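Residue numbers (my numbering): 2 to 349.
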Amino acid sequence: MEPHDPGSPGEPARFEVGGNVFYNCDCILGAREFVAENSVDLVICDPPYGIRGDKLHRHYNRSEEFVVDGYVEVAEPDYGEFSARWIREAERILRPGGSIYIVSGYTNLYHVLHALRETRLEEVNHVIWKYNFGVFTRQKYVSSHYHVLFYQKPGGRRTFNLEARYGLGERAEGGGSLNYRDREDVWTINREYKPGREKNKNELPTALLAKMIQYSSDEGETVCDLFLGGFSTAITAIGLNRRAIGFEVSPRIFERRTREISALIPGFLLPGARRPVRGPAGRRGQAWTADETERLLREYGRLRAQGWGKGAAVERLGSEFGRGRWSIERVLKRAHPPGGPSPGPGGG
Ligand SMILES: C[S@@+](CC[C@H](N)C(=O)[O-])C[C@H]1O[C@@H](n2cnc3c(N)ncnc32)[C@H](O)[C@@H]1O
């Protein structure tokens, strides 16, 4: 482990391939010098945890010999100030409406939350990422989660691709909505066990990063990771046809990973990425059957009873039934003519 010494970026090693740019330097000084204000669409950061003797990675790496050496830690007493400095930089480079995801363990979470509160960034969700390979214990519960803090920069439209992965009408076998399930704020995603392959300490799984990138950015947009480590964010971003930029202070880690990056083909993850299966769009323009009408009214009543607003319910049903907004509204109006009994919450 090397000590954390920001120093000056000076002339850091810079690696550019296909419009993706990476710097081998401290991210705070580097971002200030090389990344323009309001220029990044999405920031994903997994900062060092500031835990002396952090051994969690041993549980899923199993063999230390494949863990790339050179990880730079932050001393515990510096963690608060360190968090405040890099989070201010992240706020500066994000575009108005841009999103940031920060992965944090529990020990120093309070520093990260405090630093966020000192900025203008606004909380969107506090996600729990549940992983496998938790540390086995006998006298207490097994620790098997991280915190993912999802925030936005105010002042612009935030990208949130509601149907990035599952259409609103897609159902699981038991009838539950797959889109709803995918958007719950507890994510169960396994770590990748890569026997015999070189990896960074605490490498994040592609599935976790892909989820953030798919929901919170569009193809061609810029994704920045201030703590590249094994470059997993950059690799996933390039794989999903986004532009990646980032920083890694450790020369050893940087050198190892930049070699791999050159071989990547932009968009290589897209063929295997989950895509939404849209509702039966072919129903547009066709007459409503009695059965379909009955199902629509039942679903509408259920959504309203759950507190959905009329507009949101109509939009969701449009996607589920493969119908336009006016078509849905016409059927609802026929069933609930103005002046008739209210179809509001609890009603049908
Ligand atoms: C938790 S790891 C990131 C792991 C990465 N998300 C992955 O999936 O492989 C944190 C990384 O930040 C690097 N680091 C520590 N301090 C830094 C700084 N001030 N600027 C840039 N990188 C830093 C460490 O060397 C380490 O590789």
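In this text, a Cβ means the ideal position worked out from N, Cα and C, and glycines have one as well. None of these values were measured; they are calculated from a predicted model.
Nearest C-alpha to residue 149 among 166, 212, 249, 245: 212. Taking the C-beta atoms as reference points, residue 273 is found no nearer than 9 Å to residue 254.
For residue 223, there is no enclosing alpha helix (DSSP H); the enclosing beta strand (DSSP E) has its first and last residue at 223-226. For residue 27, the Cβ falls inside the 8 Å cut-off from some heavy atom of ligand 1.
Secondary-structure assignment with DSSP links residue 147 through a beta bridge to 130. Exclusion of residue 79 from the 8 Å shell around ligand 1 follows from its C-beta lying no nearer than that to any non-hydrogen atom of the ligand.
If you compare the alpha carbons of 300, 326, 303, 299 with that of residue 312, the shortest gap goes to 326. When secondary structure is reduced to three states using DSSP, residue 42 falls in the strand class. Annotation for residue 235: the continuous alpha helix (DSSP H) segment containing it runs 233-240.
Distances from the alpha-carbon of residue 132 to those of 192, 106, 143 put 192 closest. Cβ atoms of residue 154 and residue 96 come within 8 Å of each other, at about 7 Å. Each of 51, 146, 165 was checked against the Cα of residue 113, and the nearest Cα belongs to 51.
Judged by beta-carbon spacing, residue 320 lies beyond the 9 Å limit of residue 185, meaning their Cβ atoms are not closer than that value. Looking at the DSSP output, residue 107 shares a beta bridge with no other residue.
Listed in chain order, the non-local C-beta contacts of residue 216 below 7 Å within the same chain comprise 161, 162, 165, local neighbours out to five positions each way being set aside. Note: residue 247 is bridge-paired with 23, 226 in the DSSP secondary-structure output. With fewer than 16 neighbouring CB atoms inside 10 Å of its own CB, residue 263 falls in the exposed class. Excluding the 5 residues flanking it on each side, residue 18 has same chain C-beta neighbours closer than 7 Å at 262, 263, in chain order. Going by C-alpha positions, residue 329 is about 21 Å away from residue 180. Of the residues assessed, residue 194 falls on the exposed side of the cut-off, its CB having fewer than 16 other CB atoms within 10 angstroms.
Taking a C-beta distance under 9 Å as the contact criterion, residue 233 and residue 265 do not qualify as a contact pair.
Ligand 1 never approaches residue 259 closely enough for any of its heavy atoms to be under 8 Å from the residue's Cβ. Taking 9 Å as the cut-off, the Cβ atoms of residue 156 and residue 98 count as close. Residue 33 and residue 146 have their C-alpha atoms some 32 Å from each other. Of all alpha-carbon atoms in 286, 314, 287, the one lying nearest the alpha-carbon of residue 298 is that of 314.
In the DSSP annotation of this structure, the continuous segment of the alpha helix (DSSP H) that includes residue 32 starts and ends at 28-35. Under the 10 Å beta carbon count, residue 75 is surrounded by 16 or more other beta carbons and is classified as buried. No Cβ-Cβ contact shorter than 9 Å links residue 278 with residue 27.
Residue 152 is a Cβ neighbour of residue 100, given a cutoff of 9 Å.
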